[in-house]
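Trainee:
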Amino acid sequence: MMKYFAFITKYAAIILSVLSIAIVSEAAPSKQLTMLLIPLRSPSAMYRDFLPLKRYIEGQLNIKIRLRVAQKSSDVVKELKNGNADIAYLCPTLYCRAFETANIEPLVRIRIDGKSSYRSVLLVRKDSPIRYTADLIDKTFVYGRYACPGSGLLPEIMLTRIGITDNDFFDVVKLGSDESALTAVMAKMFDATAVPETVAGPFMKNGLRDIRYSNPIPQYLFVARKSLGKALIKKLRNIMIGINSLENPGFMIGGIEKGTDGFDIAEDGDYDIVRLLMRIVDNNSKFSSRSRKDVVRFVVEPEYFVPDMFTKLTPLIEYLSERTGRRFQLIMPSDTDAFVAMQEKGDGDFFFGSIGILTHNKAMNLLGNIWSISINNISGERRGVIIVKTGSGIKSVKGLYGKKIGITSLYSDDGYKSQLKLLEKSGVPAGAIDFVKLNTYENVVKNVYEGSVDAGFINETVLYSLRKDLDVSKIAIIDRTPKIKGWILVSRDTLDNRLIKRVTKYITEYNPRLQ
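When we follow my numbering, the leftmost residue of the sequence shown carries the number 12, and every step to the right adds one.
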């Protein structure tokens, strides 16, 4: 009996020892933390600009912080992965790459002039004949700080919107500096550039003008290694958010980026839009929105340019999350075929799209009569049109016989099916047409504009959305379909009925103008 008691006592002591080590490791971090910065400026300038924040956090934590500037942006990911950095300051694209391999958690994102998101702007000289994005074909283009999303990713997305790549330029150069790129355009060395709008401001007052702005993405952010422990990470986040309450936050953090005046809490889901843009530019599904636990997956048919749809529908997703108390996640498949496959597999909770796609699946529940609800020109009553290039010689639907016509997909109600009825009415059989699947309405318009196809079937609102990208006067509408019912919302039949009823109620009450 005594031996048994000694055995139990010995192993109980070992277990208690292990538990105490775990508790100490969670509650008592190392005496020094390393904050690693991406190399946005010279190391001396970076140290100077981040020093006030470093000292403030040190004082609040009572832990020494070592400030380091990485030699290359890619080094930051390696250091986080290897545990050689505890806190890091990252750009949005680098964060998305780091999240794939390093065990990190977002802390806060910076606010500049009160906003924790930012846009890029496409610029030319004020005396330039260039008026639309499409006019840049065969012109010269200069990138600035290309590794940063505001001067690389966002400009590429603005160009991709109408199918322009670097191969379409007469010449393209990457200078590595936004100011150098802007100066080069002003000096007539290049025709155009694109940089963050905060950088462009002074130059727009002195010789440059905008062609178009990008959709916004979330700002640069600070992250922490998860191995620091939940308690320390929470404390770090609270300390940084607490800077907003200081009498002069700009004194503490104003050097990070010009105009920085506060922090907002950062969540991984904030950067799904960045992953989406990276997927488009890199043509890599690895950067699709991450599948998260305990979220309601809201899957949308990608009939329009996906970044535009994501931006337009994000307020709806935030609204539903707030009203239902459940976290909704916006999912944008790569194309209509992928959307159909997800719906057929039930790989999502709610599906938003064309009647023709969503009503054929009996495993889905229609959420009431909500197709009259207008959500930023995506839903609501719709009308299809048939377009041709002005001067093409095609004056009527009968002239389409034997022609090549661009469509989004064979499922589209107002981009294929309703126009087929116009063909039949004019005596043009579908078999006499060479249909070309182009996935999005914007791509259909672009191909008609370039003459790659003879005509296109699109939704009538799309031409207006492209007015900054191409000269819409060069596109003619030869016929319109009758109005049809807009998109519908369906749910998996296995979804909680209480959630379905609440979403039905809230979405019919939704007013995008109030969000």
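We put the CB at the ideal spot given by N, CA and C, even for glycine.
Note that the coordinates shown come from a computational prediction; the quantities given were computed from them, not determined experimentally.
Under the three-state reduction of DSSP, which class applies to Pro213: helix, strand or coil?
Mentor: In the sequence shown, the residue the question calls residue 213 occupies position 202. Residue state, collapsed to three classes: helix.
Trainee: Let me know the secondary structure DSSP gives Met200 once reduced to three states.
Mentor: Position 189 of the sequence shown, counted from the first residue, corresponds to residue 200. In the structure shown, Met200 sits in coil (DSSP, three-state: anything other than H, G, I, E or B).
Trainee: Counting C-beta neighbours from all protein chains within 10 Å, is the total for Met251 16 or more, i.e. buried, or is it exposed?
Mentor: Within the sequence shown, numbered from 1, the residue matching residue 251 stands at position 240. Classification for Met251: buried.
Trainee: Could you check whether the Cβ of Asn255 sits closer than 8 Å to any Cβ belonging to chain C?
Mentor: The displayed structure is made up of one protein chain only, and chain C is not part of it.
Trainee: Buried or exposed: where does Tyr475 fall if 16 or more other Cβ atoms within 10 Å of its Cβ makes it buried?
Mentor: Here residue 475 refers to the residue found at position 464 when the sequence shown is read from its first residue. With fewer than 16 Cβ atoms within 10 Å of its Cβ, Tyr475 is classed as exposed.
Trainee: Straight-line CA distance for Arg220 to Ile416?
Mentor: Position 209 of the sequence shown, counted from the first residue, corresponds to residue 220. Position 405 of the sequence shown, counted from the first residue, corresponds to residue 416. If you take the alpha carbons of Arg220 and Ile416, they lie about 36 Å apart.
Trainee: Closest to Met169 by CA distance: which of Asp189, Tyr224, Val119 is it?
Mentor: For the purposes of this step, residue 169 is taken as residue 158 along the sequence shown, with counting starting at 1. Of the listed residues, the one whose Cα sits closest to Met169 is Tyr224.
Trainee: For Arg108, which option in Ser429, Ser84, Arg156, Ser365 has the closest C-alpha, if you only look at C-alpha atoms?
Mentor: Start at 1 with the first residue of the sequence shown, and residue 108 comes out as number 97. Arg108 has its Cα closest to that of Ser84, out of Ser429, Ser84, Arg156, Ser365.
Trainee: If we call anything under 8 Å between Cβ atoms a contact, is Arg172 one with Phe316?
Mentor: In the sequence shown, the residue the question calls residue 172 occupies position 161. In the sequence shown, the residue the question calls residue 316 occupies position 305. Their beta carbons are under 8 Å apart, which means Arg172 touches Phe316 by this criterion.
Trainee: In angstroms with no decimal places, state the Cα-to-Cα distance between Ala235 and Arg308.
Mentor: By one-based count along the sequence shown, residue 235 stands at place 224. By one-based count along the sequence shown, residue 308 stands at place 297. So the two alpha carbons sit approximately 27 Å from each other.
Trainee: Can you give me the C-alpha to C-alpha distance between Pro2 and Phe152, rounded to a whole angstrom?
Mentor: Coverage of the chain is limited to positions 12 through 526, which leaves residue 2 absent and any answer about it impossible.
Trainee: Looking only at its chain, what residues have a beta carbon closer than 6 Å to the beta carbon of Val87, apart from the 5 residues adjacent to it on each side?
Mentor: The residue you call residue 87 lines up with position 76 of the sequence shown. Within the same chain, Val87 has close Cβ partners Leu47, Ile49, Ala81, Ala99.
Trainee: Considering only residues of the same chain and omitting the five flanking positions on each side of Tyr452, which have a CB-CB separation below 7 Å?
Mentor: As a working note, residue 452 is residue 441 in the sequence shown. Result list for Tyr452: Glu314, Tyr315, Thr419, Gly426, Ile469, Asn470, Val473, in chain order.
Trainee: Who are the Cβ neighbours of Asp490 in its own chain at under 6 Å, not counting the five residues just before and after it?
Mentor: Counted from its first residue, the sequence shown places residue 490 at position 479. If we look at Asp490 and ignore the five residues flanking it on each side, its Cβ neighbours are Ile397, Val408, Leu433.
Trainee: Answer yes or no: do Arg503 and Gly357 have a C-beta to C-beta separation smaller than 8 Å?
Mentor: On the sequence shown, residue 503 is found 492 positions in, with the first residue counted as 1. On the sequence shown, residue 357 is found 346 positions in, with the first residue counted as 1. The answer is yes: Cβ separation under 8 Å.
Trainee: State buried or exposed for Pro440, treating a residue as buried only when at least 16 other CB atoms are found within 10 Å of its CB.
Mentor: For the purposes of this step, residue 440 is taken as residue 429 along the sequence shown, with counting starting at 1. It counts as exposed.
Trainee: Determine the direct distance from the alpha carbon of Gly270 to that of Leu102, and round the result to whole angstroms.
Mentor: What you label residue 102 is simply residue 91 of the sequence shown in a count that begins at 1. What you label residue 270 is simply residue 259 of the sequence shown in a count that begins at 1. Per the sequence shown, residue 102 should be read as Cys rather than Leu. In a straight line, the C-alpha of Cys102 is about 17 Å away from that of Gly270.
Trainee: Evaluate the contact criterion for the region 179-186 versus the region 237-255: three or more CB pairs, one atom per stretch, below 8 Å.
Mentor: Counting Cβ pairs under 8 Å, fewer than three are found: no touch.
Trainee: Since Arg120 sits in a beta bridge, which residues does DSSP pair it with?
Mentor: Counted from its first residue, the sequence shown places residue 120 at position 109. DSSP output for Arg120 lists Leu232, Asp275 as bridge partner(s).
Trainee: Closest to Met263 by CA distance: which of Pro117, Asp60, Pro229, Tyr521 is it?
Mentor: On the sequence shown, position 252 is the one that residue 263 refers to. When only C-alpha atoms are compared, the closest one is Asp60.
Trainee: Is Thr505 helix, strand or coil when you go by DSSP?
Mentor: The sequence position of residue 505 within the sequence shown is 494, counting from 1. Correct three-state label for Thr505: coil.
Trainee: Helix, strand or coil for Leu51? Go by DSSP, reduced to three states.
Mentor: Here the question's residue 51 lines up with position 40 in the sequence shown. Looking at Leu51 - three-state DSSP - the assignment turns out to be coil, as it is neither helix nor strand.
Trainee: For Lys494, report the span of its alpha helix (DSSP H) as first-last.
Mentor: Taking the first residue of the sequence shown as position 1, residue 494 is located at position 483. No alpha helix (DSSP H) holds Lys494; DSSP gives it neither H nor E.
Trainee: What is the residue span of the alpha helix (DSSP H) that Leu431 lies within?
Mentor: Within the sequence shown, residue 431 is the residue found at index 420, counting from 1. From DSSP, the alpha helix (DSSP H) with Leu431 extends over 429-436.
Trainee: In the DSSP output, what is Gln340 paired with across the bridge?
Mentor: To locate residue 340, count along the sequence shown from 1; it is residue 329. According to DSSP, which records beta bridges pairwise, Gln340 is partnered with Arg308.
Trainee: So, are the CB atoms of Lys448 and Ile366 less than 8 Å apart?
Mentor: Position 437 of the sequence shown, counted from the start, is the residue given in the question as residue 448. Position 355 of the sequence shown, counted from the start, is the residue given in the question as residue 366. No, the pair does not count as a contact, with Cβ atoms beyond the cut-off.
Trainee: Does the Cβ of Val35 have 16 or more other Cβ atoms within 10 Å, making it buried, or fewer, making it exposed?
Mentor: Your numbering for residue 35 matches position 24 in the sequence shown. With a pLDDT of 39 at Val35, under the threshold of 50, the predicted position of this residue should be treated as unreliable, though the coordinate-derived value follows. Under this definition Val35 is an exposed residue.
Trainee: Let me check understanding here. Comparing Cα to Cα, which of Gly174, Gly163, Thr112 lies closest to Ala192?
Mentor: Here residue 192 is taken as the residue at index 181 of the sequence shown, counted from 1. That would be Gly163, whose Cα lies nearest to the Cα of Ala192.
Trainee: Taking the continuous beta strand (DSSP E) assigned at Lys400, which residues delimit it?
Mentor: What you label residue 400 is simply residue 389 of the sequence shown in a count that begins at 1. That run of the beta strand (DSSP E) goes 395-400.
Trainee: Rank Asn93, Lys199, Leu287 by C-alpha distance to the C-alpha of Ser238 and give the top, closest one.
Mentor: Residue numbering aside, residue 238 sits at position 227 when the sequence shown is read from its first letter. Looking at the Cα atoms, Asn93 is the closest of the given residues.
Trainee: First and last residue of the beta strand (DSSP E) that includes Phe362?
Mentor: For the purposes of this step, residue 362 is taken as residue 351 along the sequence shown, with counting starting at 1. It spans 361-364 - the beta strand (DSSP E) in which Phe362 sits, taken as one unbroken run.
Trainee: At the level of alpha carbons, what is the spacing between Arg248 and Glu208?
Mentor: Here residue 248 refers to the residue found at position 237 when the sequence shown is read from its first residue. Here residue 208 refers to the residue found at position 197 when the sequence shown is read from its first residue. Roughly 28 Å between the two C-alpha positions.
Trainee: Terminal residues of the continuous beta strand (DSSP E) containing Asn376?
Mentor: In the sequence shown, residue 376 corresponds to position 365, counting from 1. 375-377 is the span of the beta strand (DSSP E), which, as asked, contains Asn376.
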